[in-house]
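Undergrad: Just passing along the structure, written as C-alpha cells.
Protein chains in written order, with this note's numbering: chain A, 314 to 626; chain B, 314 to 626.
Given below as C-alpha cells:
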C-alpha cells in the first residue's frame, strides 16, 4: 500500500507521524500546505511544513502545536525589549530553521530542495514535499478587517474576525513542487489528513494539476471536525461563519466530488448513513490522537481502510 | 567641553564608554562606522553600531568583543545542524536586535531612527549615530581572493588575504545621517577613537560632508597601534601589506591633513618628536583599556587634552 498524504499543520502532522511509523519511506510521502507561509522580520517562515517535519523528526513541541520542544526564547525577549511586535513568537531553535531557509531561498534554491535537505539533517526518512516552490499565500476575507494574510488572521487576530471567504494569491502561476505529481501518481490511495479543509487542504488542491491528480485516485479523508467542533484551529468556526453547520458531514460534502472513503469520529456515528448515501464509503472510529500510540492506532485503521477502498476501485 | 567621537568597533566602543562616564548626554555624541554592515540570512546586521551600543549599555560581551554577554547559541546550533554556514555566529539575544532592525528597515524606517529607539530601550543616554542612513559597504581588495565584502574578509577569511586597497561602495550617493553634521558642528573637539583608520574611520570620513565638518574643528586622535601592533583587529597588518611600516606615526600621518592633537601609547614615546614636527600636538600616555577603570582614566586624559587643544585653536 503506497500512500500520499495531504497535510496542513498539527492534526495533519499527527496522522502523518502515525502513518510514518507503519509505512516505509518508499510507501509514504507527505504533501504539505504552504499557503500560510509568511515573511516576518526578513525571514521566510513555513509553519505547516515545519510542524510536519518537526513532528516526523520527533522535535515538535506537543504542547504549543508549533515550534520545537525544549525551546528557548532569548531572541524574542530581545525583540520585545526593543518594542517589536510580539504577536508572532519564534523560539531560538526554530529561528535557526528560518534563518537557514531564508539564506538558501535568497540563493535561488527551491523550497522543495531545502526541505529535502532539512529532513535529511533532522533524520526524517519519508519524503516531505511543499505543495509548490512558488509563493502561494492564503488570504482571509473578513467582515471586520477586510482581507488579511493568513498569519495575521490566525496569530495576530487569533481567528476572531468573521470570515467571508478565502483567496490563494499567486496560485494561478504556481506549479506542484518537483516530486508531488509523481508521489500522487504512484500512490495506491491518497489520504487527506484531519486538517482544515478551507485553509490547509483547499490551497493544496488549488495548485494547478493537483486536484486532477488526486481525483484520479482512491481518496480517503479523515474528518478534522468531531461532534461539530475541531480539536484545534478555526475550521468549525469558519464553516459556521460561511453559513454551513460545522460537522463531519460538512467536511465530506466539501470533498464530495472526488472523495472515495471517509473516516469520522465515533461520536458522529449518526452521520454515517447520510454521507454513505452520497456514495462515499464511510467508517466511524476513535479519531482523537492525544498520544503517540493513538496516532499509530488511527494510522493503522486508515491504512486498512485505504486497502479496502483501493481494492474496490 | 562638547565632544563628538568617531568610532568603529571594540577599541572605539571602549573609549566611547569611558567618555560617556565623564560627559553628560548633551556633551557627547558618538558617530559610528556602518561600512562593515552586512546582510546575512535575510537579516540586516550592523556590527560596529551594535558593539558601540551594547558597550554603552553595559550589555557587551567583553570576551569576544562582539555580541551580548550571557549569550546563548540555540539558533545557530540549529543552523549548523542544517549544514548552514557557520562562519558568522550570531547569539540568540543578538539575533533579536537584527530581527527587529530588519523588520523596521523593511518598513522604510531609517537606521538612525531605529538606533535612537534601540538606545532608549537599552538605556543608552548619549546620542549614537550611524554615519549614514544609506547603504555604504566597505569592500576589501585582496591579492589572493580579489574583492571581498568586509565581513567576508574579516570573519570568513579571518583577515588572512593580503590587502591591496579599499573601496566604500555606495558612498558617493550617501549623506550623513540626521544629527551627524549638527553633532560635529556643535562639538568643541572631535575625538577619533582608537579604531582601524582604514576600515573604521576612513568610511566615516568618506561620507560627503563629514571630512570637511571634522576638518573645521580641533581633532584629537588616539592611536590604535601600540608598539607597532594592534590590540585587536588587522590595522597593523593592513599598513604592512600596503607598504607602510605599522606604527603610531603611520596613524598620525594617515590623519595628518586635519589632525590637531594625537595621543599615542607611552611605549611609543620615541615617536612623539617626529609627529610633533608635523605641527601635531602629541602626547604619550598609557592607552591600553583592559579594565573599565582604564577606559575612564584614558577618557579623562583625552578630555583634558581636548581642552588644551580646543583652547589653543
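Every residue, glycine too, gets a C-beta built ideally from N, C-alpha and C.
1) Do you know how far the Cα of residue 383 of chain A is from the Cα of residue 343 of chain B?
2) List the DSSP bridge partners of residue 556 of chain B.
3) Taking only beta-carbon atoms, is residue 387 of chain B less than 8 Å away from chain A?
4) For residue 451 of chain A, list the residues DSSP reports as bridge partners.
5) Pick from B:526, B:419, B:374 and B:416: whose alpha carbon is nearest that of residue 404 of chain B?
6) Give, in chain order, every residue of the segment 390 to 416 of chain A whose Cβ lies closer than 9 Å to some Cβ of chain B.
7) Distance, Cα to Cα, residue 370 of chain A vs residue 338 of chain A?
8) Could you tell me which uninterrupted beta strand (DSSP E) segments, each at least 3 residues in length, are contained entirely in the segment 460 to 543 of chain A, listed from first to last along the chain?
9) When you check each C-beta in the segment 348 to 359 of chain B against every C-beta of chain A, which residues fall closer than 9 Å?
10) How about residue 318 of chain A and residue 335 of chain A: do their beta carbons lie closer than 8 Å?
11) Might you give, ordered along the chain, the residues of its own chain that have their beta carbon closer than 6 Å to the beta carbon of residue 557 of chain A, omitting 5 neighbours on each side?
12) Pull up the DSSP beta-bridge partners for residue 316 of chain B, would you.
13) Can at least three beta-carbon pairs, one atom from the segment 562 to 577 of chain B and one from the segment 528 to 541 of chain B, be found at a separation below 8 Å?
14) Given that a residue counts as buried once 16 or more other Cβ atoms are within 10 Å of its Cβ, and exposed if not, what is residue 397 of chain A?
15) Pull up the DSSP beta-bridge partners for residue 442 of chain B, would you.
16) List the endpoints of the continuous beta strand (DSSP E) containing residue 353 of chain B.
17) Is residue 395 of chain B helix, strand or coil when you go by DSSP?
18) Under 6 Å Cβ to Cβ from residue 476 of chain A, same chain only, skipping five residues before and after it: list those, please.
19) How about residue 368 of chain B and residue 330 of chain B: do their beta carbons lie closer than 8 Å?
20) Leaving out the 5 sequence neighbours to the left and right, which residues in its chain are closer than 7 Å to residue 478 of chain A when beta-carbon positions are compared?
21) Is there a C-beta anywhere in chain B that falls below 8 Å from the one on residue 431 of chain A?
22) Between the Cα of residue 629 of chain A and the Cα atoms of A:408, A:474 and A:497, which residue gives the shortest distance?
23) Pull the bridge partners of residue 598 of chain B from the DSSP assignment, please.
24) Let me see if you follow: with CB-CB separation under 8 Å, is residue 373 of chain A close to chain B or not?
25) Locate the alpha helix (DSSP H) running through residue 424 of chain B, then write down its first and last residues.
26) In terms of alpha-carbon separation, which member of B:579, B:607, B:565 and B:603 lies closest to residue 589 of chain B?
27) What distance in whole Å lies between the Cβ atoms of residue 491 of chain A and residue 425 of chain A, which are believed to be in contact at a cut-off of 8 Å?
28) Quick one: list the residues of chain B neighbouring residue 448 of chain A, beta-carbon separation under 8 Å, in chain order.
29) By the 10 Å Cβ neighbour count, where 16 or more other Cβ atoms means buried, how is residue 325 of chain B classified, buried or exposed?
30) Throw me the rounded Cβ distance for the residue 451 of chain B and residue 512 of chain B pair, which I believe falls under 8 Å.
31) So which residues of chain B does residue 419 of chain A contact, with C-beta pairs closer than 8 Å?
32) Report the neighbours of residue 486 of chain A on chain B: residues whose CB is nearer than 7 Å to its CB, in chain order.
33) In this structure, does DSSP put residue 357 of chain B in helix, strand or coil?
34) Classify residue 606 of chain A as buried or exposed, calling it buried when 16 or more other Cβ atoms lie within 10 Å of its own Cβ.
35) I need the boundaries of the alpha helix (DSSP H) containing residue 261 of chain B, first residue and last residue.
36) Closest by CA to residue 423 of chain A, which one among A:448, A:437, A:348 and A:436?
TA: Taking the structure as given:
1) Numbered from 1 along the second chain, position 30 holds the residue referred to as residue 343 of chain B. Numbered from 1 along the first chain, position 70 holds the residue referred to as residue 383 of chain A. C-alpha separation (whole angstroms): 41 Å.
2) Translated into the one-based positions of the second chain, residue 556 of chain B becomes position 243. Paired residue(s): none; residue 556 of chain B is not in a bridge.
3) Indexing the second chain from 1 puts residue 387 of chain B at position 74. Residue-level contact by beta carbon holds for residue 387 of chain B and chain A, with a gap shorter than 8 Å.
4) Within the first chain, numbered from 1, the residue matching residue 451 of chain A stands at position 138. When DSSP reads this structure, residue 451 of chain A sits in a beta bridge with A:481.
5) The residue given as residue 404 of chain B occupies position 91 in the second chain. Nearest C-alpha to residue 404 of chain B: B:374.
6) 390, 391, 392, 393, 394, 395, 396, 397, 398, 403, 404, 405, 406, 407, 408, 409, 410, 411, 412, 413, 414, 415 and 416
7) Here residue 370 of chain A refers to the residue found at position 57 of the first chain. Here residue 338 of chain A refers to the residue found at position 25 of the first chain. The alpha-carbon atoms of residue 370 of chain A and residue 338 of chain A are separated by roughly 13 Å.
8) Here the runs fully enclosed are 476 to 482, 502 to 505 and 532 to 535.
9) 352, 353, 354, 355, 356 and 357
10) Here residue 318 of chain A refers to the residue found at position 5 of the first chain. Here residue 335 of chain A refers to the residue found at position 22 of the first chain. No, the Cβ-Cβ distance between residue 318 of chain A and residue 335 of chain A is not below 8 Å.
11) What you label residue 557 of chain A is simply residue 244 of the first chain in a count that begins at 1. The answer, listed in chain order, is 563.
12) Residue mapping note: residue 316 of chain B aligns to position 3 of the second chain, counting from 1. B:341 and B:502, per the DSSP bridge assignment.
13) A contact is defined here as three or more CB-CB pairs under 8 Å, and the segment 562 to 577 of chain B meets this definition with respect to the segment 528 to 541 of chain B.
14) One-based indexing of the first chain puts residue 397 of chain A at position 84. With 16 or more other Cβ atoms within 10 Å, it is buried.
15) The residue given as residue 442 of chain B occupies position 129 in the second chain. Looking at the DSSP assignment, residue 442 of chain B forms a beta bridge with B:344.
16) Residue 353 of chain B sits at position 40 when you count from the first residue of the second chain. From DSSP, the beta strand (DSSP E) with residue 353 of chain B extends over 351 to 353.
17) Counting from 1 along the second chain, the entry for residue 395 of chain B is found at position 82. Coil, per DSSP.
18) Locating residue 476 of chain A in the first chain gives position 163, counting from the first residue. Counting only Cβ-Cβ distances below 6 Å, and skipping sequence neighbours, we find 453, 455, 551 and 554.
19) The sequence position of residue 368 of chain B within the second chain is 55, counting from 1. The sequence position of residue 330 of chain B within the second chain is 17, counting from 1. Yes, they are a contact pair.
20) Taking the first residue of the first chain as 1, we reach residue 478 of chain A at position 165. Closer than 7 Å at Cβ, skipping near neighbours: 454.
21) Your numbering for residue 431 of chain A matches position 118 in the first chain. Nearest CB-CB separation between residue 431 of chain A and chain B: below the 8 Å threshold.
22) Look at the range of chain A in this structure, 314 to 626, and you will see that residue 629 of chain A is not part of it.
23) Numbered from its first residue, the second chain carries residue 598 of chain B at position 285. Paired residue(s): B:578.
24) Translated into the one-based positions of the first chain, residue 373 of chain A becomes position 60. With 8 Å as the cut-off, residue 373 of chain A does not count as an interface residue toward chain B.
25) By one-based count along the second chain, residue 424 of chain B stands at place 111. First-last of the alpha helix (DSSP H) with residue 424 of chain B: 424 to 435.
26) What you label residue 589 of chain B is simply residue 276 of the second chain in a count that begins at 1. Nearest C-alpha to residue 589 of chain B: B:565.
27) Start at 1 with the first residue of the first chain, and residue 425 of chain A comes out as number 112. Start at 1 with the first residue of the first chain, and residue 491 of chain A comes out as number 178. That belief holds up - the Cβ atoms of residue 425 of chain A and residue 491 of chain A are roughly 6 Å apart, short of 8 Å.
28) Along the first chain, read from residue 1 onward, the residue named residue 448 of chain A stands at position 135. Within chain B, no residue comes near residue 448 of chain A; the closest Cβ sits about 15 Å away, beyond 8 Å.
29) Numbered from its first residue, the second chain carries residue 325 of chain B at position 12. Under this definition residue 325 of chain B is a buried residue.
30) One-based indexing of the second chain puts residue 451 of chain B at position 138. One-based indexing of the second chain puts residue 512 of chain B at position 199. That pair is a contact at about 5 Å.
31) Locating residue 419 of chain A in the first chain gives position 106, where the first residue counts as 1. By Cβ distance, chain B contributes 355.
32) As a first step, residue 486 of chain A must be located in the first chain, where it is residue number 173. Those do not exist, as residue 486 of chain A stays about 23 Å from chain B at its closest Cβ, beyond 7 Å.
33) Within the second chain, the letter at position 44 stands for residue 357 of chain B. It is a strand residue.
34) Within the first chain, residue 606 of chain A is the residue found at index 293, counting from 1. Exposed, because fewer than 16 other Cβ atoms sit within 10 Å of the Cβ of residue 606 of chain A.
35) With chain B covering 314 to 626 only, the question about residue 261 of chain B has no answer from this structure.
36) Counted from its first residue, the first chain places residue 423 of chain A at position 110. When only C-alpha atoms are compared, the closest one is A:448.
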